Structures are given as C-alpha cells and as structure tokens.
Amino acid sequence: MHAALRWWPIALLITLLVAPYSALPVPGLLDGPLGSSGSLQLIALCLLYGALATGYDLLLGRTGLLSFGHALYFATGLYATDLGMLELRLPFAAAAAFGVACTVLLAVLLGSVSLRVTGIGFSMVTLAFAQAGAILVQRNPGGVTGGEEGRSAPADLLPSGLLGIENTANLYWVAVGYLLLTVAAVHWAVNSPAGRVWEGIKENERRVAVLGLRPYGYKLVAFVLSGALAGLGGVVYLLLTGGATPQAAGSDTTLALLVMVVLGGSGTRWGPLLGGVLYTWADHRLGDLANSSAVADLPAVLRVPLSQPLFLLGALFVAVVYLLPGGLAGLPARIRASRSARSVRTLVGVPAGRPTGGNPA
Amino acid sequence: MDTVVLLSCTGLGLGALYFLVASGLSLIFGLMDVLNFAHGALLSIGSYATWWAGTEAGFSFWLAVPFGTLVGTAAAVLLELFLIRPLYSRPRDQILATVGVGLAVPALLMGIWGADARPFPQPALLAGTWHVLGATVPVNRFVLVAAAGLLLLTLRLFLARTRYGLIVRAGVEDRAMVTALGIDVQRAFTLVFALGGAAAALGGALGGLYFGSVNPGQGTSLLIFAFVVVVMGGMGSVTGAAVASVGVGLVQQFANYYTGAGLGDLSVVVLLAVLLLVRPRGLTGRLA
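Protein sequence lines, in the order shown, are assigned to chains G and Z.
FYI, the UniProt record's numbering numbers position 130 of the first sequence as 130, with every residue one higher than the one before it.
FYI, the UniProt record's numbering numbers position 66 of the second sequence as 66, with every residue one higher than the one before it.
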C-alpha cells in the first residue's frame with residue numbers, strides 16, 4: 001500500500017497524458033467532458049499556473065526571498081516572444097529562445113540590483129521594478145506593446161499544430177511538458193549543492209555568510225533560474241491564449257502566484273503546484289459564479305462581495321494564512337499531529353485542549 | 001521660469017502626498033517589520049469615506065476630511081487588533097494577511113461604488129489658484145504640503161518628546177529588549193498602526209483633492225510609490241521618507257513634463273535603482 005502511494009506522481013502523470021482521449025464527464029468541476037477542448041484549455045491553464053507557482057516557490061519557499069515582481073519575468077517571456085515574431089519576424093522557436101534570453105538578461109540585471117537590499121526591502125524593490133514594467137507595457141511605447149489591448153500572436157508564424165480549437169490537445173501537452181520541466185528543474189536545483197545553500201540562506205543568511213559563502217551569488221542564481229522558468233511560462237501562456245495582454249505584467253499576477261504558493265504550502269515539493277491548479281480552477285469558476293443568476297438574485301449585502309472575484313480571493317488568502325498555516329501540503333502533517341496529540345491525551349488522561357503541531361511557514 | 005515654479009509646486013504637492021502614505025508605512029515597518037500591503041486599502045477607505053461624507057451624506061468638506069481620517073484610523077486599529085496581532089510570531093504571515101486585505105478592500109469598494117472615478121467635492125476656498133513667481137498654482141498643492149509638513153512635525157515631536165515615541169524608537173532598535181524590560185510593545189504597535197492609518201486616510205482624503213476624483217485603484221498605485229519612498233529614505237526613518245518623498249515627487253513631475261509619454265513613473269524606478277547601487281541602505285543608511 002505504502003509502495004503504491006509512493007508512485008502516485010507517475011500515476012497522475014499518466015492520467016494527465018491520456019486526459020485528452022477521455023470523454024469522462026466531470027460535473028461541477030468542469031463544464032464539458034474531460035477531453036473536450038474547453039476543459040483541456042482550462043486544465044492546461046491550471047497546469048501552467050501550477051508550474052509557474054512551483055518556479056516562484058524556488059524564491060519564496062526555498063530561498064526565503066519574498067519577491068513581489070515575479071510577474072515581470074513572466075510578462076517579459078510573453079511579450080518578448082510575441083514581439084520577436086511580430087516585429088522581428090522570427091520563427092516561433094527562435095522567438096521563444098529570444099523571449100527566454102530576454103527574461104534571463106532582465107533577471108540578471110534587476111536581480112543583481114534588487115538583491116543589494118535584503119529582507120523586506122528586496123520585496124519593495126522587486127515590486128517597484130515590476131510596476132515600472134507594467135507601466136511600460138501599459139504606456140505602449142512606439143505602439144509596440146499594444147497598451148490595454150495587448151498584441152495577439154501572428155498565426156502565420158506559429159507552428160500549425162499549435163493553432164486552433166482542434167489542436168487544443170497539443171497545447172495541453174505543451175503545458176504538461178512545461179510543468180514536467182519546471183518540476184524537474186526545481187527538484188534538481190533544490191537537491192543540488194546550491195539548493196542546500198539556499199536552504200541555509202532561508203534559515204539564517206548570516207550563518208551562511210559566516211561559513212565563508214557569499215549569499216548574494218547564490219540568491220542571484222535562484223532569482224535568475226526562477227525568472228527563466230517564469231519567462232518560459234510566458235512562452236507557454238502565449239501559445240495557450242494566443243496573445244499578450246497587459247494583465248500578465250500587473251502586480252495582481254505576482255500576488256496571485258503568492259496566493260497559490262501560500263495556499264498550497266510554500267517550500268514543499270507539490271504544494272505550489274497544487275495551489276496553482278486549485279487557484280486557477282477556482283478563479284475561473286468564481287468568475288462564472290460572479291456572473292451567474294444565483295448571485296444576481298441575492299440581497300446586496302451578499303451580492304456585492306460575491307460578484308468581486310478579487311474580494312473572494314483576498315478573503316480566501318487571509319483565511320488560508322490563518323486557518324491553514326503551511327498550506328494544503330501541510331494539512332496531512334497537521335491532522336496527524338493533532339491525532340497523535342489526542343491519543344496521547346487519552347492515554348495520559350489530559351483533557352483535550354488546543355491541538356498542537358503545524359509549523360508556521 | 002513659471003513652468004519650473006509650477007512643476008516644483010506640483011512636484012512638492014505630489015511628494016507631500018507620498019509622504020502622507022509613506023510615513024505610516026515607514027513607522028509600521030520600522031517598529032513591527034511588517035510590510036503593510038493593506039496601507040493602500042486604508043488610504044482608499046479614507047478617501048472613499050471622505051468622498052461619501054462630502055457628497056452622499058452632505059457633510060461640508062471641513063467635516064468630511066476629519067470623518068474620513070477617523071474612519072481610516074478605526075480601520076487601521078481593527079486591522080491591527082484582528083489580523084496582525086494574532087500573527088505576532090509569524091512576521092511573514094502578517095505580510096501575507098495584509099496582502100489579502102489589500103486585494104479584498106479595493107475590490108469591495110469597486111463592488112459597492114463601481115470601477116469608475118468619482119468626482120471629489122472641492123470646497124470653493126481650495127478650488128482656486130495662487131500666483132507664485134509668475135506661475136498659476138492650484139491651492140490644493142499648498143494644502144498638501146502644509147498637511148505633510150504638519151505631519152512630519154507632529155511625528156518628530158511624538159517620537160522625540162513623548163513616552164510612546166520613546167518606546168517606538170526603542171522598539172525599532174531592539175524589540176526584544178524593550179519587551180524584556182516589561183514594556184507593552186503591543187500597545188505601541190496599535191498606536192503606530194492607528195497613526196499610520198490616520199496619515200494614510202488623510203492622504204486619501206487630500207489625494208482626492210489633488211486628483212479631483214477618487215477611484216478604487218488609487219490607493220494601490222500610490223502605495224507602490226510609497227514603497228519606493230520608504231526604501232529610498234531608509235527603512236523606518238520618517239525624516240528619510242520625507243526627503244525621499246520630495247525627491248521622488250519632483251523627479252516625477254519634471255520627467256513627466258520634459259520627456260513626455262509618462263516616463264515620470266519609470267524615472268522614479270531608475271532613481272531607486274541608481275540610489276540602491278550607490279547606497280544600498282537608502283539615504284539615511286538604515287539597515288533594511
């Protein structure tokens with residue numbers, strides 16, 4: 001039984017890979033059957049954000065860097081790839097390489113500046129840079145970014161197998177591929193010698209410095225790797241949605257990633273992925289809920305908050321921070337801890353009080 | 001010449017607005033290590049409460065501003081008591097909880113009053129212009145500068161001359177030691193939060209005057225510049241924040257006018273990057 005449980009990621013992967021061939025209806029969770037293009041699109045988006053959150057957690061959960069500017073690297077990958085095709089007429093593969101290269105360059109540049117400040121200052125500086133990026137995209141310099149409207153990807157330069165509703169399954173597999181790559185890269189990086197230094201930096205940066213290692217360099221590597229993964233995510237997002245929109249660069253995107261990581265459990269292997277998938281799914285379904293007639297008929301006291309997805313999101317976030325420290329991934333350990341605490345109490349005969357356990361993030 | 005004067009006055013007004021937001025942020029950060037993402041929400045609450053009192057409730061402007069400030073202060077105290085305090089031992093979760101509030105409150109305001117900007121009631125006394133060295137400057141710029149100057153003075157007196165100010169200053173230096181001496185730092189937290197909330201709400205009320213309207217996103221966008229100001233001024237330093245506010249406001253106005261295409265916002269970030277390269281600890285050299 002235990003051995004079987006250990007193989008669940010493989011089982012899940014196989015399920016994910018064959019999902020497009022299935023016509024299994026999933027009432028409540030998805031609108032259409034599993035293999036329909038609408039469902040596949042939503043699942044692909046869920047997986048994409050799961051992967052993005054996993055990459056973001058390389059900073060937050062693994063190195064202890066609270067960046068508020070991750071959307072910038074996602075948007076850079078997205079816009080640079082799109083503009084590489086539109087303005088430079090590069091074929092898709094070259095444009096994607098160009099997009100990721102731009103992201104890496106920007107991450108090196110801005111990371112090396114913002115890591116000069118530690119702690120919360122770092123968060124504020126990354127936020128300021130990301131905001132500048134968002135403003136730049138909005139202002140539409142030279143008509144390049146398309147401002148509010150964004151720019152749609154040129155159909156003639158995209159591979160024909162990734163175009164149109166009939167090819168949704170291919171796009172879905174691209175998203176699965178990106179997820180696999182991210183999970184593998186993060187897993188590999190975290191278990192590398194650098195990963196152990198990151199862990200040390202997260203616990204106590206000064207101690208790492210006293211050991212004779214320069215935290216700055218290690219943090220920069222984490223920042224750039226995480227940024228590069230986000231940039232690649234931007235490329236996948238471009239394929240999935242067929243264009244670049246300014247919302248990708250906004251601070252709400254970073255905050256959404258943060259919510260995903262915290263919801264799932266930061267610093268855990270599967271938590272951010274789970275959080276990203278759940279969040280994205282809930283985000284889409286909440287949007288439907290907000291527009292549904294059931295909400296429109298409610299009295300104003302309930303209708304107004306329920307019709308604002310961001311309100312629900314913010315409230316959910318506060319609730320997770322309070323009620324679920326450690327996120328969903330920490331839930332089994334918390335339940336186990338409270339159960340063992342209860343059994344100890346029954347053995348010793350201590351009246352039940354506050355359950356112990358659960359380590360604060 | 002008159003353009004330069006006008007830009008300087010407007011830049012100072014904007015800087016004053018940044019200072020109103022940033023001073024509370026800086027104090028809260030300095031004392032509690034909490035990056036208060038809900039500060040923009042407090043500002044929005046202040047500006048909407050003022051707008052509501054001034055239009056829907058029919059208060060005069062001079063009553064609406066204290067009312068808005070009071071509502072913002074109350075919101076700040078509630079935030080501290082119910083959301084921040086239970087997470088006392090988890091500083092990162094305190095930040096995350098404020099992120100949640102910072103998302104939820106503007107969304108709620110948008111749900112109630114819509115996403116569009118609402119015209120802000122301007123009293124006749126403040127709607128006019130003054131002639132300064134040949135330039136025609138809207139009066140409300142001076143109101144903002146006066147409010148910010150008064151706030152700076154009040155905060156400096158509070159920090160330097162009162163017992164609570166002493167506790168706050170000591171708490172910024174070494175919170176553990178102050179607690180060990182048996183002083184209730186918690187109460188100082190609530191007080192600092194109330195002060196910060198009052199400043200932010202006042203900033204919201206006067207920001208309505210500056211922009212001529214209120215909208216749900218105003219608080220969040222001002223908050224970003226307030227963050228820049230706090231980092232540039234040196235964490236937790238009110239005077240540093242004041243100097244940085246003036247710099248940021250002026251640079252933004254001049255860059256906006258002379259470079260066009262709204263490069264002012266970008267120039268602020270460039271200014272921040274340059275400063276961090278030269279002085280990673282900000283103007284006052286405080287540790288981050």
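For glycine and all other residues, C-beta sits at the position ideal for the given N, C-alpha and C.
Note that the structure is predicted; figures quoted are calculated from it, not measured.
Beta-carbon gap between glycine 275 of chain G and glycine 55 of chain G smaller than 8 Å: The residue labelled residue 275 of chain G in the question sits at position 275 within the first sequence. The residue labelled residue 55 of chain G in the question sits at position 55 within the first sequence. In this structure, glycine 55 of chain G does not lie closer than 8 Å to glycine 275 of chain G by Cβ.
Boundaries (first-last residue) of the alpha helix (DSSP H) holding threonine 145 of chain G: Reading the first sequence from its first residue, position 145 is the one you call residue 145 of chain G. Threonine 145 of chain G -> no alpha helix (DSSP H), and no H or E assigned at all.
Straight-line Cα distance separating valine 144 of chain G from tyrosine 49 of chain G: Here residue 49 of chain G refers to the residue found at position 49 when the first sequence is read from its first residue. Here residue 144 of chain G refers to the residue found at position 144 when the first sequence is read from its first residue. For tyrosine 49 of chain G and valine 144 of chain G, the distance between alpha carbons rounds to 26 Å.
Pairwise C-alpha distance: alanine 51 of chain G and alanine 198 of chain Z: Here residue 198 of chain Z corresponds to residue number 198 of the second sequence, with the count starting at 1. Here residue 51 of chain G corresponds to residue number 51 of the first sequence, with the count starting at 1. Rounded to the nearest angstrom, the two C-alpha atoms are 41 Å apart.
Proximal residues of chain Z, C-beta to C-beta of methionine 124 of chain G below 8 Å: Taking the first residue of the first sequence as 1, we reach residue 124 of chain G at position 124. Per Cβ cutoff of 8 Å: Leu35, Phe227, Val228, Val230 and Val231.
Close Cβ partners of residue 289 of chain Z (< 7 Å) along its chain, the five nearest in sequence each way excluded: Only positions 1 to 288 of chain Z appear in this structure, which leaves residue 289 of chain Z out of reach.
8 Å Cβ cutoff, alanine 273 of chain Z in contact with chain G: Indexing the second sequence from 1 puts residue 273 of chain Z at position 273. Answer yes: the Cβ-Cβ gap between alanine 273 of chain Z and chain G drops below 8 Å somewhere.
Where the beta strand (DSSP E) containing proline 66 of chain Z begins and where it ends: Stepping through the second sequence from its first residue, residue 66 of chain Z is reached at position 66. Note, proline 66 of chain Z: premise wrong, no beta strand (DSSP E); alpha helix (DSSP H) at 61-79.
Short CB-CB distance (under 8 Å) between serine 307 of chain G and chain Z: Locating residue 307 of chain G in the first sequence gives position 307, counting from the first residue. Serine 307 of chain G counts as touching chain Z.
C-alpha distance - leucine 202 of chain Z paired with arginine 169 of chain Z, whole-angstrom precision: As a first step, residue 202 of chain Z must be located in the second sequence, where it is residue number 202. As a first step, residue 169 of chain Z must be located in the second sequence, where it is residue number 169. Their backbone Cα atoms lie some 23 Å apart in a straight line.
Through-space distance from threonine 129 of chain Z to glycine 146 of chain G, alpha-carbon basis: As a first step, residue 146 of chain G is located in the first sequence; it is residue number 146 there, counting from the start. As a first step, residue 129 of chain Z is located in the second sequence; it is residue number 129 there, counting from the start. For glycine 146 of chain G and threonine 129 of chain Z, the distance between alpha carbons rounds to 38 Å.
Contact list for isoleucine 120 of chain G against chain Z, beta-carbon separation under 8 Å: Within the first sequence, the letter at position 120 stands for residue 120 of chain G. Within chain Z, the residues near isoleucine 120 of chain G are Phe29, Asp33, Leu35, Ile95, Met235 and Ala288.
Residue(s) in a DSSP beta bridge with serine 213 of chain Z: For this step, residue 213 of chain Z is matched to residue 213 along the second sequence. Note: serine 213 of chain Z sits in a beta bridge opposite Z/Pro119.
Distance between glycine 121 of chain G and threonine 284 of chain Z (C-alpha atoms, nearest Å): As a position in the second sequence, residue 284 of chain Z is number 284, starting the count at 1. As a position in the first sequence, residue 121 of chain G is number 121, starting the count at 1. Looking at the two C-alpha atoms, the distance is approximately 14 Å.
Chain-order list of residues whose beta-carbon lies under 7 Å from that of residue 289 of chain Z (same chain, five-residue window excluded): A query on residue 289 of chain Z cannot be resolved here, the shown segment of chain Z reaching from 1 to 288 and no further.
Span of the beta strand (DSSP E), counted from its first residue to its last, around tryptophan 130 of chain Z: Taking the second sequence and counting its residues from 1, the one referred to as residue 130 of chain Z is at position 130. Here the beta strand (DSSP E) through tryptophan 130 of chain Z covers 129-132.
Cβ contact (3+ pairs, closer than 8 Å) linking the segment 75-88 of chain G and the segment 223-238 of chain G: yes
Glycine 314 of chain G, DSSP secondary structure in three states: Walking along the first sequence from the start, residue 314 of chain G turns up at place 314. Looking at glycine 314 of chain G - three-state DSSP - the assignment turns out to be helix.
Unbroken stretches of the beta strand (DSSP E), 3 residues or longer, contained in the segment 13-64 of chain Z: none
Per-residue contacts from aspartate 174 of chain Z into chain G (C-beta, under 7 Å): On the second sequence, residue 174 of chain Z is found 174 positions in, with the first residue counted as 1. Residues of chain G passing the Cβ test: none, with the nearest at roughly 16 Å.
From Z/Ile224, Z/Pro280 and Z/Leu277, residue whose alpha carbon lies closest to that of serine 245 of chain Z: Residue 245 of chain Z sits at position 245 when you count from the first residue of the second sequence. For the residues Z/Ile224, Z/Pro280 and Z/Leu277, the minimum Cα distance to serine 245 of chain Z belongs to Z/Ile224.
Stretch pair the segment 254-272 of chain G + the segment 156-170 of chain G: three plus CB contacts closer than 8 Å: no
Beta carbon of serine 138 of chain Z nearer than 8 Å to that of glycine 217 of chain Z: Locating residue 138 of chain Z in the second sequence gives position 138, where the first residue counts as 1. Locating residue 217 of chain Z in the second sequence gives position 217, where the first residue counts as 1. Before going on, a small fix: residue 138 of chain Z reads as proline here, not serine. No, Cβ-Cβ distance for proline 138 of chain Z and glycine 217 of chain Z is not below 8 Å.
Aspartate 283 of chain G burial status per 10 Å Cβ neighbour count (16 or more: buried): Residue numbering aside, residue 283 of chain G sits at position 283 when the first sequence is read from its first letter. When all chains shown are included, aspartate 283 of chain G counts as buried.
Leucine 103 of chain Z versus proline 119 of chain Z - alpha carbon distance: For this step, residue 103 of chain Z is matched to residue 103 along the second sequence. For this step, residue 119 of chain Z is matched to residue 119 along the second sequence. Roughly 23 Å separates the two Cα atoms.
Proline 138 of chain Z, enclosing beta strand (DSSP E) - first and last residue: In the second sequence, the residue the question calls residue 138 of chain Z occupies position 138. Looking at the DSSP string, the run of the beta strand (DSSP E) that includes proline 138 of chain Z is 135-138.
Partner residues on chain Z for valine 224 of chain G, Cβ-Cβ distance less than 7 Å: Counting from 1 along the first sequence, the entry for residue 224 of chain G is found at position 224. Within chain Z, no residue comes near valine 224 of chain G; the closest Cβ sits about 17 Å away, beyond 7 Å.
Separation of cysteine 46 of chain G from tryptophan 281 of chain G, as counted between CA atoms: Counted from its first residue, the first sequence places residue 281 of chain G at position 281. Counted from its first residue, the first sequence places residue 46 of chain G at position 46. Their backbone Cα atoms lie some 6 Å apart in a straight line.
Beta bridge counterpart(s) of serine 152 of chain G as assigned by DSSP: Looking up residue 152 of chain G in the first sequence gives position 152. G/Gly243, per the DSSP bridge assignment.
Every unbroken alpha helix (DSSP H) within the segment 116-140 of chain G, with a cutoff of 4 residues, ordered by chain: 120-139
Supposed contact pair glycine 68 of chain Z and glycine 46 of chain Z - C-beta distance, whole angstroms, cut 8 Å: Here residue 46 of chain Z is taken as the residue at index 46 of the second sequence, counted from 1. Here residue 68 of chain Z is taken as the residue at index 68 of the second sequence, counted from 1. About 5 Å; that satisfies the 8 Å criterion.
Inter-stretch contact at 8 Å, needing at least 3 Cβ pairs: the segment 265-285 of chain Z / the segment 129-139 of chain G: yes
Straight-line Cα distance separating glycine 264 of chain G from leucine 273 of chain G: Along the first sequence, one-based indexing puts residue 273 of chain G at 273. Along the first sequence, one-based indexing puts residue 264 of chain G at 264. Near 7 Å, if we compare the C-alpha coordinates of glycine 264 of chain G and leucine 273 of chain G.
With 16 other Cβ atoms within 10 Å as the buried cut-off, status of leucine 298 of chain G: Your numbering for residue 298 of chain G matches position 298 in the first sequence. Result: exposed.
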